[in-house]
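In this text, residue positions in the sequence shown follow the UniProt record's numbering: the first is 1, and each later residue adds one.
Cβ coordinates follow ideal geometry from the N, Cα and C atoms, glycine included.
Report on the following structure.
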Amino acid sequence: MSDHQNLLAEQRRALILDEVRRRGGVRVNELTRKLNVSDMTVRRDLDALARQGAVEKVHGGAVPVAEATAHEPGFEAKSALELIAKEDIARAAARMAAHGSAIALAGGTTVFALAQQLVEVPDLTVVTNSVRAADVFHSAQRTMTAAGPSPRPGAATVVLTGGVRTPSDTLVGPVADAAIRSLHFDVLFIGVHGISVEAGLSTPNLAEAETNRHFVRSARRVVVVADHTKWGTVGLSSFASLEEVDALVTDAGLPAGARREIAERLPELVVAESSRGSAEA
1 MSDHQNLLAE QRRALILDEV RRRGGVRVNE LTRKLNVSDM TVRRDLDALA RQGAVEKVHG
61 GAVPVAEATA HEPGFEAKSA LELIAKEDIA RAAARMAAHG SAIALAGGTT VFALAQQLVE
121 VPDLTVVTNS VRAADVFHSA QRTMTAAGPS PRPGAATVVL TGGVRTPSDT LVGPVADAAI
181 RSLHFDVLFI GVHGISVEAG LSTPNLAEAE TNRHFVRSAR RVVVVADHTK WGTVGLSSFA
241 SLEEVDALVT DAGLPAGARR EIAERLPELV VAESSRGSAE A
């Protein structure tokens with residue numbers, strides 16, 4: 001299957017998942033009409049989403065999966081969810097990274113998408129506990145230096161913390177905590193499992209929560225990158241209150257009521273411009 005076909009499948013599944021979450025369930029025949037694809041294509045998409053743990057298949061359709069607060073999906077399972085929204089968020093958030101600044105990237109698939117945008121920002125110093133984000137910069141630099149001098153002018157300096165690897169491919173624990181405590185960042189970009197008024201920012205992983213606390217304390221500015229499905233979700237452990245957040249970058253799927261709640265509590269709310277129009281046509 002070509003890359004173009006794969007992208008279309010990812011977009012289609014993102015739309016299906018959004019329908020499931022927004023409506024509390026969908027039927028196969030409704031999706032075939034909405035997406036203008038065959039019954040077999042929809043069933044394959046639902047099978048793929050069910051394998052990722054994103055939906056639960058029922059007779060004639062699918063419903064959302066009710067997650068426990070301590071459940072932590074793996075990186076691959078999360079990377080296919082809200083794909084278009086994450087790309088929109090990443091483009092908007094990348095404009096908040098100034099040339100020559102020192103930034104921190106915490107773990108998560110939205111931060112991974114952001115890393116792919118940040119490779120174009122000159123002279124960054126990047127500290128990250130995300131193995132995947134570090135790989136993005138490494139691959140970009142290797143590609144750019146293949147036909148020229150190494151390192152290329154303006155290439156990012158990347159520091160990957162040590163630590164114990166989690167299911168989401170982040171490094172956490174005392175080693176990571178010690179490295180982060182000794183540093184100071186202009187901006188921290190951080191993804192979350194959940195964000196709410198009561199619980200603030202949360203994650204199902206206790207060790208990751210502690211590492212994230214050190215990231216937040218070491219940053220002059222904290223920018224949360226999170227798609228609309230994270231609003232109202234609560235993980236096992238909170239690691240920051242909304243009062244500690246300077247900006248939230250989210251997607252156009254965030255409901256108006258949630259936007260009002262967030263705008264009342266945060267200095268800055270950025271709703272990324274949607275690129276879904278062509279996929280939904």
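Ile-195 to Leu-49 span [Cα, whole Å]: 23 Å
Range of the contiguous alpha helix (DSSP H) that encloses Val-119: Unbroken run through Val-119: none, as it is neither H nor E.
Contact between the region 118–136 and the region 86–104 (3+ Cβ pairs under 8 Å): yes
Rounded separation between Ala-247 and Arg-265 - CA only: 10 Å
Asn-212 versus Arg-260: straight-line alpha-carbon distance, rounded: 26 Å
Cut-off 7 Å between Cβ atoms - residues of its own chain near Ala-176, not counting five sequence neighbours on either side: Asn-129, Thr-161, Gly-162, Gly-163 and Thr-211
First and last residue of the uninterrupted alpha helix (DSSP H) at Val-20: 3–23
Rounded straight-line distance, which links the Cα of Leu-83 to that of Lys-34: 19 Å
One or two residues paired with Ile-195 in a DSSP bridge: Leu-201 and Trp-231
Counterpart residues of Thr-128 in DSSP-defined beta bridges: Leu-105 and Leu-160
Residue environment, Arg-165, which counts as buried when at least 16 other CB atoms sit within 10 Å: exposed
Option nearest Leu-206 by Cα separation, candidates Val-172, Arg-217, Gly-232 and Arg-43: Val-172
Glu-280, buried or exposed, once every other Cβ within 10 Å from all chains shown has been counted against 16: Any reading at Glu-280 must be qualified, since the residue scores a pLDDT of 37, below 50, and its modelled position is unreliable; no value is offered.
Three-state secondary structure (DSSP) of Leu-171: strand
Closest Cα partner of Leu-188 within the set Val-224, Ala-209, Ala-178 and Leu-201: Val-224
Pick from Ala-14, Glu-244, His-228 and Ala-179 that is closest to Pro-255, judged by C-alpha positions: His-228
Segment limits, beta strand (DSSP E) that includes Gly-61: 61–64
Whether Lys-86 touches Ala-54 by CB criterion (7 Å): no
Selected residue, minimal CA-CA separation from residue 316, among Leu-15, Ala-252 and Trp-231: Because the chain here runs from 1 to 281, residue 316 falls outside it and cannot be looked at.
Between the CA atoms of Trp-231 and residue 283 - distance to the nearest angstrom: Since the displayed the chain opens at 1 and closes at 281, residue 283 lies outside it and no answer follows.
Enclosing alpha helix (DSSP H) for Glu-87 [first to last residue]: 83–94
Assigned exposure category for Ser-182 - 16 Cβ within 10 Å defines buried: exposed
Proximity of His-184 and Gly-235 at Cβ, strictly below 7 Å: no
Environment of Met-40 [buried if 16+ CB atoms lie within 10 Å]: exposed
For Val-28, the three-state DSSP class (helix, strand or coil): helix
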